[in-house]
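Below: one structure, written as structure tokens.
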Amino acid sequence: MLSEAKFMTVAHWAKDLNEEDRELARRNMTEKLLPKGAYLLHEHDHVDAWFGVIDGLLKISVVAESGEMVSLTGISRSGWVGEGSVIKNEPRRYDVVALRDTSIALLNGRTFRWLMDNSPPFNKFLVRQLNERLGQFIAFVGYGRLLDPTARLARSIAWLFNPVLSPNDQLQLGISQEEIGLLSGMSRQTASKALRQPQTEGLLRLQHGRIEILDLERLSRYGTKL
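Here is the structure:
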């Protein structure tokens, strides 16, 4: 069971629950520590739990029939992932790996589904979460093969700061250029080169091991006229 402080930090959705449901969620939530490079789960694993990032960084990816690894998105602090598989109680369709030492919150599937069936605030949150995730992957499919490396990288960074999927008051994150490259499906050298243009345009600021977002809206639309 998580401490009250840690629970309220990662479970931002719990603030809208009534006291009884909030405590039920906390009692049924555990913590798992993943070292850098460790897999939280693999494609086809059947893990009946919902995952939130207390601290650290996860990468969601799939392997194409050709054997190529395709990076889908990253999950940063306070982000949650896997609700679709828990709702349907089905095996996972993706791999999840820690890009650095990462602390994970796990809410068991039975409690998740009880909240979904009995808590209107939790249900409302799930609708927003699923809708935002759907929009994210539609954008990934629609633009993934059309955008140049700089635009793909800009989108990957912006997704880490999505106010619905990873709510965070501070538009900055400790992340290396190597990690940015892994999330974007490119080498560190390519990522380093691609980062220069958004920085020149005043969309972000790079520091040693950190990135600060200066214009999230423009960064999230980078490479399109929309």
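The working numbering applies: residue -18 is where the sequence shown begins, and numbers increase by one. Ideal Cβ positions, reconstructed from N, Cα and C, are used throughout, including at glycine.
With respect to L107, L134 sits apart: the two C-beta atoms are not nearer than 8 Å. With respect to I35, A86 sits close: the two C-beta atoms are nearer than 8 Å. Scanning its chain for C-beta atoms nearer than 6 Å, with the 5 sequence neighbours on each side dropped, one finds around F(-12) the residues R7, in chain order. Leaving aside the five residues that flank T171 on each side, the residues in its chain whose CB is nearer than 7 Å to its CB run, in chain order, P130 and G162. Annotation: F142 is outside any alpha helix (DSSP H) and is labelled neither H nor E by DSSP. For S42 and F32, the gap between their C-alpha atoms comes out near 15 Å. Separation of M97 and A19 (C-alpha to C-alpha, rounded to the nearest whole angstrom) is 30 Å. Excluding residues up to 5 positions away in sequence, L197, L200 and S201 lie with their Cβ nearer than 7 Å to the Cβ of A139 in the same chain.
Cβ-Cβ distances below 7 Å link Q180 to R186 and L187 in the same chain, with the five nearest sequence neighbours on each side left out; the list follows chain order. The DSSP-derived three-state label of N149 is coil. V67 is a Cβ neighbour of F93, given a cutoff of 8 Å. In this structure, R81 sits away from L141, with a CB-CB distance that is not shorter than 8 Å.
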